[in-house]
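Everything on this sheet refers to the single structure shown next.
In the working numbering, the protein residues as written are 13 to 316.
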């Protein structure tokens, strides 16, 4: 009985934790694309340290929450990049906490005045189910031991990133191993991490000396679910202030704004859903705080 119950919990919470995504959801990925694509590691000439915190579906108990601290840099040979981040995300009784390390190579393409970043990352995280947080109709159900079930999950990601000062195109595949989750004595094909694919692209238009406009797109999905699209537009004023809007085909509308002072910057995103969730939630909030060490002339796009 317990074996069946754990399988149901995994499918209901982990699998549907975003019918489109098992992975954490971010709205300001245009400012920190490294979270999606290891090929971005080292694609700028500075050392960004970025903290992202997200609370989804405010007003709904045990809604998803995510925190990530990331950094990456180009090594002195100007061709190899390294990076990493630590992360924590939680949805109800299910949580993940782990670390990821990325390595990349940036191939100059002088014929098109661009570079191609090729990255591979390795990560490990603890996948945990806390049965004490389950809300039960029958609190005396013997199938529930009120234990904390956990397992270690290894994984890897791969990414390509073509870029210069004006445009970027990215392709990434994550959760390559498709590790099967084992909680207690339960393990089967339904309880596994699913491979995800991300495709990004954008172009920066210099409208004037003070104003830049950057439309971009993100396509994401899995082999089991339809692909979803994000359509984004960001406007920059003197490169230190920005305002952006996104439409996600899962019926989310997102507004973003941010400011940069010297090497520090802060961004905020508000997600409003047009689905039935709006009857129970006031929306989702995301804060991003960053600091660029050794910042000079930027070599990549503002996706970073």
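Don't be surprised by glycine CBs; every beta carbon is placed ideally from N, CA and C.
Here the structure is a predicted model, which means the values were calculated and not measured.
As the crow flies, the alpha-carbon of residue 271 is around 28 Å from that of residue 232. The alpha carbon of residue 101 has as its nearest neighbour, out of 78, 95, 120 and 84, the alpha carbon of 78.
Beta-bridge pairing by DSSP links residue 138 to 109 and 164. Separation of residue 62 and residue 237 (C-alpha to C-alpha, rounded to the nearest whole angstrom) is 30 Å. Between residue 243 and residue 213, the C-beta gap is not smaller than 8 Å, which leaves the two residues out of contact. With at least 16 other beta carbons inside 10 angstroms of its own, residue 96 counts as buried. Residue 249 counts as exposed, since fewer than 16 other beta carbons sit within 10 angstroms of its beta carbon. An exposed status is given to residue 218, since fewer than 16 other beta-carbon atoms sit within 10 Å of its beta-carbon. In the three-state DSSP reduction, residue 290 falls in the helix class (H, G or I). Here residue 286 is exposed. Its C-beta has fewer than 16 other C-beta atoms within 10 Å. The criterion of a C-beta distance shorter than 8 Å is not satisfied by residue 98 and residue 136. In the three-state scheme derived from DSSP, where H, G and I count as helix and E and B as strand, residue 307 is classed as coil.
Between residue 206 and residue 68, the C-beta spacing is not below 8 Å.
Note: residue 301 is bridge-paired with 63 and 278 in the DSSP secondary-structure output.
Sequence-distant Cβ neighbours of residue 139 in its own chain, meaning closer than 7 Å and more than five residues away, are 108, 162, 163, 165 and 193. By the Cβ-count criterion, residue 125 is exposed, with fewer than 16 other Cβ atoms from all chains shown falling within 10 Å of its own Cβ. Nearest in C-alpha terms to residue 53, of all of 39, 65, 87 and 38, is 87. Boundaries of the beta strand (DSSP E) harbouring residue 83: 77 to 86, taken from the DSSP string. Bounds of the beta strand (DSSP E) holding residue 268 are 264 to 273. The Cβ atoms of residue 298 and residue 275 do not sit closer than 8 Å to each other. By the Cβ neighbour-count rule, residue 279 is buried, with 16 or more other Cβ atoms within 10 Å of its own. With contacts defined as CB atoms closer than 8 Å, residue 304 and residue 60 qualify as a contacting pair. For a cut-off of 8 Å, the C-beta gap from residue 129 to residue 51 is around 4 Å, short enough to register as a contact. In the structure shown, residue 36 adopts coil according to DSSP, grouped into three states. Per DSSP, reduced to three states, the secondary structure at residue 144 is helical. Inclusion of residue 134 and residue 184 in the CB contact set at 8 Å is not warranted, their separation being larger than that value. The continuous stretches of beta strand (DSSP E) do not include residue 252, and DSSP gives it neither H nor E.
For residue 193, there is no enclosing beta strand (DSSP E), as DSSP marks it with neither H nor E.
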